[in-house]
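My numbering puts the first residue of the sequence shown at 1071, with every later residue one more than the last. Quick reminder that beta carbons are idealized off the backbone N, C-alpha and C, glycines included. Predicted, not measured: the structure shown is a model, and the values here were computed from it. The next block holds one structure in the form of structure tokens; read it before the comments.
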Amino acid sequence: LPPCEVHRLAEVAELIISALSSASRREKLALALKEEGYIPKLLELFQVCEESQVSQALQYLSAILQGILWLDQAAVLEVMLAKECIMDVVGCLEYGPFLAQPKWHRHLLQLTTKLKEVLPIRDPELQQKLHQMYWAQYIQAIILPKASGVGQASLPSLTSFITCKKEEIFRVLEKDQKFWSEVLVQLTAETTGAHQRWELVIFLKDFCTFSLMFDQNRETFLQSLAKLGLLPALEILLGMDDLQVAYAATDILSYLVDFCPFLVQELVMQEAQQRDHGTDLIRELMKQVVLYPFGRADQVMEILQTLLDPGNLLATDEVSKILGFFNSFYTRCLPVLTAPLLANAEKGHWFVGFFFLILKALLFLVDDYPTARLLALILDLLTFCVMQHKEYMRAYILHWDLLRRVLLLINSKHTFLALGALHFLRKIIALKDELYTQYIIQGNLLAPLVQALLENGAIYNLLHWAVLELFEFLRLEDCKSLVTHVIENFYPALQSISYVHTFQGLKRKYERDRRQQKQSMH
């Protein structure tokens, strides 16, 4: 290697760049750089050049350090990411043509390192590994893509370095109950600052994410966190005004539901038994959907469906507790989610509480996209409940006259919402439940569909064809009572629709059923 002097930097840069084309040369050069202690010498020279503002030398040093990174060798990474070198390494890279932000990244990295110190890690060696991991992640995610000028940059050795550090940290901390107890206490303490809470929840989220790589340790680790009070802590975080914290808590809860659903189900079962207002966790999740439909609402709906799946519940608890949970859910929790649909029901005010004050504007006359998005999400979960909780959901629908309110949504200008309302009705009809059938007939609930067909007569309209398909479904599925209701109440208006044979087919089926009924009477 040439002597580490200012007037030889061009030669050093050329040597390193020429080595990048050969794997064997990259390996030999990395070994030489480490054995000769060459990187610290370059960094000492950088300090002198930056102080004197020798711009040409700084540009060469930037190219040299970037080239050393692109050698993609673990031997030099350990040196570059050492505590005594990292800031000068980043400083060199700041003088590259695609960065040109002297001292900015160093300042940000120092600030980030300081923020990471909010974690209650007292072992200096472990803290150093944590810092190295974050430094490597910063270089990989922020500096390299910009320094390369191509927007994306990947070094396998750097990725391996990060993974290795994560694994070392995981092995030490996974069984450290004192550490995690402190983290959970700080997360929920009123005295914890916003930045500190954010750093803590992101660390917890990242740690949970990384634990998923270890099949044998994953459940043990998540269970140990649950015993320390993770779920009550997540309940508190979900209810915070800081949406980024609430979203991170949602991600963590999603991991738990995916890999240890019984832990979460056990909690909601206990809450259903112990609390008059239902389960706090489910109410907080529903609150997220209602208040922030453009946040993590889809993810929250997946969590709710997993928690409400009877098959999952039966695998974890006795039937009497499950029935108690469903009673609690349908009387105290679901009204929170259906508040926008029930917003004009006076008897629903006391259930909804402060949610009603927030949601009272969400009447059916409001047809903007955010409201439509929210109502579509609610319909998705209600449809799930129709299929999975037949008796409970039927009682809820009949008590609140919910289907009538849902069918008003087919008048929405948002086709996806109108189709969602139609899909909800279709799932109910497909159950062929006599109580539902009589409810639909007595309430004349098919009238909005007929009205939609007649008023919205454009044959190229998606909703128009979806309504026609539902009437065809009545014929094919032999829904006798509903067919009779349609023909006797709406056929004079519908017979003019002749571009499909649906209603003629319904009329023939109606007449055939009547003949068979008369024959059976004789």
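Check: Alpha helix (DSSP H) segment containing residue 1539, residue limits; Outcome: 1532 to 1546
Check: As assigned by DSSP and simplified to three states, the class of residue 1259; Outcome: coil
Check: Cβ shell of residue 1565 (< 7 Å), same chain only, five flanking positions each side left out; Outcome: 1573
Check: Cα-Cα separation between residue 1552 and residue 1463, rounded to whole angstroms; Outcome: 21 Å
Check: Cβ contact (3+ pairs, closer than 8 Å) linking the stretch 1191 to 1207 and the stretch 1226 to 1245; Outcome: yes
Check: Residue 1521 versus residue 1558: straight-line alpha-carbon distance, rounded; Outcome: 16 Å
Check: Contact under 8 Å by Cβ, residue 1459 with residue 1363; Outcome: no
Check: Coil, strand or helix - residue 1191 by DSSP; Outcome: coil
Check: Cβ-based burial, residue 1167 [other Cβ within 10 Å; buried from 16]; Outcome: exposed
Check: Outcome for residue 1305 when other beta-carbon atoms lying within 10 angstroms are tallied against a minimum of 16; Outcome: buried
Check: Nearest neighbour of residue 1085, chosen from 1272, 1075, 1071 [CA to CA]; Outcome: 1071
Check: Among 1467, 1296, 1227, 1465, nearest to residue 1097 - alpha-carbon criterion; Outcome: 1227
Check: Host alpha helix (DSSP H) of residue 1319 (start-end); Outcome: 1313 to 1329
Check: Span of the alpha helix (DSSP H), counted from its first residue to its last, around residue 1463; Outcome: 1460 to 1470
Check: Residue 1115 to residue 1074 span [Cα, whole Å]; Outcome: 8 Å
Check: Integer Cβ distance of residue 1335 from residue 1382, believed to fall under 8 Å; Outcome: 6 Å
Check: Nearest-angstrom Cα separation, counted from residue 1175 out to residue 1165; Outcome: 11 Å
Check: DSSP-derived helix/strand/coil call for residue 1391; Outcome: helix
Check: Contact check, residue 1483 vs residue 1457, beta carbons under 8 Å; Outcome: no
Check: Of the listed residues 1358, 1523, 1206, nearest to residue 1568 (C-alpha basis); Outcome: 1523
Check: Within 8 Å, strictly: CB atoms of residue 1079 and residue 1089; Outcome: no
Check: Contacting residues, own chain, Cβ-Cβ under 8 Å from residue 1407 (five flanking each side not counted); Outcome: 1356, 1359, 1360, 1448, 1451
Check: Buried or exposed (CB count within 10 angstroms, at least 16 for buried), residue 1267; Outcome: buried
Check: Residue 1366 - DSSP class collapsed to helix/strand/coil; Outcome: coil
Check: Beta-carbon gap between residue 1487 and residue 1446 smaller than 8 Å; Outcome: yes
Check: Where residue 1506 falls, given that 16 or more other Cβ within 10 Å makes a residue buried; Outcome: buried
Check: Whether residue 1374 touches residue 1300 by CB criterion (8 Å); Outcome: no
Check: Whole-angstrom distance between residue 1465 and residue 1325, CA atom to CA atom; Outcome: 33 Å
Check: Nearest residue (CA-CA) to residue 1580, options 1110, 1281, 1338, 1555; Outcome: 1555
Check: Rounded C-alpha distance that separates residue 1515 from residue 1368; Outcome: 29 Å
Check: Unbroken alpha helix (DSSP H) run spanning residue 1506, endpoints; Outcome: 1504 to 1512
Check: Residue range of the unbroken alpha helix (DSSP H) whose run includes residue 1089; Outcome: 1079 to 1089
Check: Where residue 1568 falls: helix, strand or coil (DSSP); Outcome: coil
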